[in-house]
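Protein chains in written order, with the numbering used here: chain A, -5 to 388; chain B, -5 to 388.
Taking it in order: structure first as structure tokens, then the write-up.
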């Protein structure tokens, strides 16, 4: 286990009716001027907007809607202008990871006079800035953004989709599982795959003897595997939505990465897909992950894949048999969620961009140096190529 | 899963050399006057005292040593006098759970003019008080006190040993596994049993569908079960000490209790042992826990005990067979740690106090109402009695 620092100052209000009990007082404790950030407007259709505004009659609420999945830097620029123009005291972010990611960067950009993209490219600048408090109401279980400092922001002009980390996580996060009852099967599946991927990215790691973290992750993986199909079949199943929501937060609030090396692989490779083709992030991960596992399974990693098979999938047998069966089980679980199983099914019909995407992933994420199993750009091209068909899995 | 609020503001510095890197600046950020609280003086023999003081040449350090295991309210009174007399800005607590427990209550008593025992008896008073910042250096993995708001304090005059919760957990906790290399086999075993007990107390619970929490706890239990024997045999094994230390913190920092009912049973019954006989807390738990499991196993709880057997002990078979085997495995693990397996072995030779102890446990902890399996005082007497011999386990 490696040395680490850990803290997480986000205050979680989990369950039903927390909005009515606490939202007003939480926001008012920071001031009168609120920037409400949200996405495509579903909150106005499903009643959440009314429910929230009903709590805030005495606050000055300014609105920034239209935050897109894979949020664009142009939205951050718009938010930056609004926070400065209206002397915003606190951001109320209602949505999934994209909306909260955007809100956290807007919270930093409020204290910066240049272009927000500077803060994405240069973390050092961002770390020196103050950050507006962000209060969020989560409506999609997936990214863990509600309890971490991270954002992923896209710049369509440069074909870049990059991570950035600010000084603070949200100050208070409202996690009401009933708000995810209306999440579509497609988004429920994508979110669940994203959660599993966050866990496998941290679980398969060069750091040894991290049983605390690996054991907690095995429990979280079993939870997602169990409850995602239930949520698909019974969208209003409270326990399914609650277990997905809380496991999503636990997977990426920093706890399970403590003492680990943290060289992620599949997310970097997937981010290129989203940047070039704007595919749903979780669905890209779902196609790539089983193929990446096949690539990563070797004599050195066999024992860890076997542990994954035994403790997560309850498989029995020799190390090599359990390891291989666990990879197949991962594929089968993703397929059973009615998720696309090939890049072709995601609408990517040609390999024309694979070489430049692979080179970008390797360069940005240092996949040839710090990954669990290092990858050259040729390896990544081969991974994209293998993801075009179901050969080997069907 | 039930509604819950969760936050934890403790900043963790885990690993080697964190004291040299950060201790001075952390303390100085709160002020110049430091109250150093410690236990029996082992830190002066093993070099830790010198190592710490070497970092603090410019701070005014006042010392309160002699905090006993099962810390006494008289120590809190002494600390209260010192913090007031010397205008203490921050408490530096070096030790295990007893020392940190005492420090947190002293931190509250600084802002109170009455007797500290008032604050134990009346949580409402304590919650309204400010609390001095507590910085700790943990030297024993067991109680989780380094990342929670709780203290357990004994009052020898009244034969009471009671829990109390303050407004804040320690602000910064230094967790250096090498500081536990010198912990004796006895204390290592007792601490490990305490960790396992914290997990079983929260795991066996009436709340249903808490897979996030139960899954994380299963991983933590496997971790303790794996590494405690290693630490006993190889006291300087870093990974053994690190996994015990971090699992200890995770078991009791509030995370795994989220969404659960939290009616603890065995701790309440053990606290009476410690109050009457001053036995080592973990060793009392080790004797009582397998007998409590036997008591609690019934048609309603069988499925949960079977889950415990499968996911923690990797047992296979029918629910009832796995459940019974898991209880035996728990006993065998405790015995293999060279811990006493009967109350007799702990020096308790007569049942003369069992009735009054049982009544006290039931009354204080409402064991007849909120426990996983409710217990009358007769049930508790029978549990104490069954703990006098190894009948049924050997």
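Cβ coordinates follow ideal geometry from the N, Cα and C atoms, glycine included.
- In this structure, residue 195 of chain B lies away from residue 240 of chain B, with their beta-carbon atoms at least 8 Å apart.
- Secondary structure of residue 57 of chain A (DSSP, three-state): strand.
- With contacts defined as CB atoms closer than 8 Å, residue 186 of chain A and residue 134 of chain A fail to qualify as a contacting pair.
- Contact annotation, residue 285 of chain A with residue 381 of chain A: C-beta distance approximately 5 Å; criterion of less than 8 Å satisfied.
- Residues of the same chain with a CB within less than 6 Å of the CB of residue 359 of chain B, apart from the 5 flanking positions on each side, are 262 in chain order.
- Any Cβ of chain A closer than 8 Å to the Cβ of residue 220 of chain B would place that residue at the interface, and such an atom is present.
- Within chain B, the C-beta atoms nearer than 7 Å to that of residue 206 of chain A come from 214, 217, 237, 240, 241, 244, in chain order.
- Counting along the chain, the unbroken beta strand (DSSP E) around residue 154 of chain A starts and ends at 154 to 159.
- Residues of chain B whose Cβ lies closer than 7 Å to the Cβ of residue 311 of chain A do not exist, since the nearest Cβ in that chain is about 13 Å away.
- Ranked by how close their Cα comes to the Cα of residue 111 of chain B, the residues B/87, B/126, B/57, B/156 have B/156 in first place.
- Cα atoms of residue 71 of chain A and residue 174 of chain A: separation of roughly 29 Å, rounded to the nearest angstrom.
- In the structure shown, the three-state DSSP call for residue 230 of chain A is coil.
- Short of 7 Å from the beta carbon of residue 57 of chain B, and not among the five residues preceding or following it, lie these beta carbons of its own chain, in chain order: 30.
- In the pairwise beta carbon analysis, the segment 89 to 106 of chain A is classified as touching the segment 62 to 77 of chain A: at least three pairs are separated by under 8 Å.
- Scanning chain A for C-beta atoms nearer than 9 Å to the C-beta of residue 203 of chain B yields 221, 232, 233, 234, 236, 237, reported in chain order.
- Contact of residue 6 of chain B with chain A by beta-carbon distance below 7 Å involves -1, 0, 1.
- Fewer than three pairs of CB atoms, one per stretch, sit closer than 8 Å, so the segment 0 to 8 of chain A makes no contact with the segment 36 to 50 of chain A.
- Within the same chain, 212, 215, 216, 219, 320 come within 8 Å of residue 306 of chain B by CB-CB distance, once the 5 residues on both sides are set aside.
- In the DSSP assignment, residue 285 of chain B falls within the unbroken alpha helix (DSSP H) covering 275 to 290.
- Taken through DSSP and simplified to helix, strand or coil, residue 306 of chain A comes out as helix.
- Taking a beta-carbon distance threshold of 8 Å, residue 125 of chain A does not count as an interface residue toward chain B.
- Contact between residue 277 of chain B and residue 333 of chain B holds: CB atoms are separated by about 6 Å, below the 8 Å threshold.
- Inclusion of residue 170 of chain B and residue 49 of chain B in the CB contact set at 8 Å is not warranted, their separation being larger than that value.
- Sixteen is the threshold: when 16 or more other Cβ atoms of the shown chains lie within 10 Å of the Cβ of residue 104 of chain B, as they do, the residue is buried.
- Around the beta-carbon of residue 230 of chain B, fewer than 16 other beta-carbon atoms lie within 10 Å, marking it exposed.
- Taking the Cα of residue 97 of chain A as reference, the smallest distance to any Cα among A/128, A/116, A/107 is reached at A/128.
- Per DSSP, reduced to three states, the secondary structure at residue 386 of chain A is coil, with no helix or strand assignment.
- Under DSSP, residue 167 of chain A shares a beta bridge with A/6, A/130.
- Identification of chain A residues near residue 12 of chain B by a Cβ-Cβ cut-off of 9 Å yields -3, -1, ordered along the chain.
- Take residue 364 of chain B, set aside five residues on each side of it, and the residues of its chain with a beta-carbon closer than 8 Å to its own are 255, 257, in chain order.
- With fewer than 16 other Cβ atoms from the protein chains shown falling within 10 Å of its own Cβ, residue 388 of chain B counts as exposed.
- By the Cβ neighbour-count rule, residue 308 of chain B is exposed, with fewer than 16 other Cβ atoms within 10 Å of its own.
- When only Cα atoms are considered, residue 245 of chain A and residue 341 of chain B end up about 46 Å apart.
- With fewer than 16 other Cβ atoms inside 10 Å of its own Cβ, residue 385 of chain B counts as exposed.
- Closer than 8 Å at the C-beta level to chain B, one finds these residues of the segment 242 to 270 of chain A: 244, 249, 252, 253.
- Taking the Cα positions, residue 324 of chain A is about 18 Å away from residue 199 of chain A.
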